[in-house]
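The structure under discussion appears below in the form of structure tokens.
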Amino acid sequence: MAGYRYYSRRVKSLASTPSFQVIAVCLGLFLGIQWVLRHNHDGDQALPRAARPIMSVEDDRIDWSKLYYVQYVTSPEYLCNALMVWSEIEEIGSRAQRVMMYPSSWDPNEVDEINLRLTPVARLLQAAVSDYFVKLQPIEVLHQNGTAEKTWADSYTKLLAFNLTEFDRVLAIDSDSVVLQNLDELFLLPEAPLAMPFVYWGEPQGWQLSSQMMLITPSADAFSKIEAAIREAKKDERKNHVAYLGSRSQKWDPDTMKSEAKFLHFSDYPIPKPWMRAPKDLLNKHMPKCSQSEWFGATDCRDRTIWLKLYYDFAMRRKAVCGPGFELQSQELPPDSIYRHGRWFHPDEVG
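Note that the sequence shown covers residues 784 to 1134 in this note's numbering.
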């Protein structure tokens, strides 16, 4: 009891001092102002809360039924390539839907008159639907006459993706590519009519975007302008990787770059596309060169090893995914070669 009286007298003595009273008044004013700021306002005039941005593919607000991966095919070779890409996307996993544009002249139910089985093209079209959950979209191929390289004459067909207006966004990817990791996050890029990768391997001026991958917001108006441009429409290997790395100080490490890459596009002209078997002399001339390592001058051939393995893996996957009729072809076949049942034949073989 004596202790209580002692502390009570001390508190009363402290409270009677001018400094304590000043502190108490200031504290009271501060708490009062805080209360007014929090409670004394008109609820009808409150500013609306901005919707938080979508930062993750896990966000429940994303309508994946309106987001599509899209590929186009104009030949049996590219149909096989596209199926390989679909198999990679299915194996990796994705939330977005899938659609493939193919020539309307192809029949997904066509049967070979000799063996009464589905033709190679029909078999792969049906496999795209049944095995990889792809929606088929028949189209008329956009062909540009006068193109120097025949392979590129039908490449304008990819721009038909601008006309897929039933979808919110489409990610168009070339079929002569390899998907290494999940790409769904690209659908979360800020809204824009078109997003394309920077051509780090090209010249530092002029056109600097690549169509190997395009994130498109479909638009009928944009497509009509593209059609007009196509009607009036009239190539690099580098040892310097500064543009790719974005830094002069960072060292090029092929193993690191390979592990970080999510998407790879084959473009090694004059080396043919990976479904063609390149002549040995051409391969030896243009394959990546070995370099001298900084450590004791040892030879570093990792660039070449990784490059060759990419082509080998492509060939093995092509065989596993596409099956008979889509074997690697020889680039040495003559111009008058004959295409039958999913592969090219020398004229002497057909007779």
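Quick reminder that beta carbons are idealized off the backbone N, C-alpha and C, glycines included.
- Label I872 either buried or exposed according to how many other C-beta atoms from any shown protein chain fall within 10 Å of its C-beta, with 16 as the threshold for buried. buried
- Item | Cβ shell of V868 (< 8 Å), same chain only, five flanking positions each side left out | Q854, I956, S958, S960, V961, V962
- Beta carbon of W889 nearer than 8 Å to that of L901: no
- Can you tell which of V856, L977, R878, L866 has the C-alpha that lies nearest to the C-alpha of D842? R878
- Where S839 and F1046 are concerned, what is the direct C-alpha to C-alpha distance, given to the nearest angstrom? 20 Å
- Could you tell me the distance, in whole angstroms, from the CA atom of E874 to the CA atom of L814? 60 Å
- Could you tell me the boundaries of the alpha helix (DSSP H) in which F1097 lies? 1085-1105
- Message: Assuming the contact rule is C-beta atoms closer than 8 Å, F950 and P1001 should be a hit. Round their C-beta distance to whole Å, please.
- Response: 6 Å
- Item | Reduced DSSP category for E932 - H, G, I as helix; E, B as strand; rest coil | In this prediction, E932 has a pLDDT of 48, which is less than 50 and means its spatial position is unreliable; nothing more can be read from the coordinates.
- Item | alpha helix (DSSP H) segments (min. 4 residues) lying fully within the stretch 908-976 | 933-936
- Message: Mapping the DSSP letters down to three states, classify A1044 as helix, strand or coil.
- Response: coil
- Message: For Q880, which residues in the same chain have their Cβ closer than 6 Å to its Cβ, ignoring the five residues on either side in sequence?
- Response: Y851
- Expressed to the nearest angstrom, what Euclidean distance is found between the alpha-carbon atoms of R1087 and S1042? 16 Å
- Query: CA-CA distance, A1005 and A1012?
  - Reply: 11 Å
- Query: In chain order, what residues of the same chain lie with their CB nearer than 7 Å to the CB of S1074, ignoring the 5 residues before and after it?
  - Reply: D1083
- Query: First and last residue of the beta strand (DSSP E) that includes I999?
  - Reply: 996-999
- Message: Could you tell me the alpha carbon to alpha carbon distance between E1110 and R1101, rounded to whole angstroms?
- Response: 8 Å
- Task: Would you mind working out which of V982, Q964, R952 sits nearest L972, comparing C-alpha positions?
- Result: R952
- Task: Using the Cα positions of V856 and Y885, report the straight-line distance between them to the nearest angstrom.
- Result: 5 Å
- Query: Hey, L947 and A978 are a contact pair by Cβ (cut 8 Å); roughly how many whole angstroms apart?
  - Reply: Going by Cβ atoms, the distance from L947 to A978 rounds to 16 Å, so no, they are not a contact pair.
- Mapping DSSP to helix, strand and coil, what is S802? helix
- Contact under 8 Å by Cβ, L925 with L954: no
- Query: Could you give the C-beta distance for H1069 and Q995, rounded to a whole number, given that I count them as a contact under 8 Å?
  - Reply: With a Cβ gap of about 20 Å, H1069 and Q995 do not count as contacting.
- Alpha carbon to alpha carbon, what distance is there between N1067 and D1051? 13 Å
- Task: List the residues that DSSP assigns as beta-bridge partners of A978.
- Result: L998
- Item | Burial state of E940, where buried means 16 or more other Cβ atoms lie within 10 Å | Before going on, a small fix: residue 940 reads as Thr here, not Glu. Buried: at least 16 other Cβ atoms inside 10 Å.
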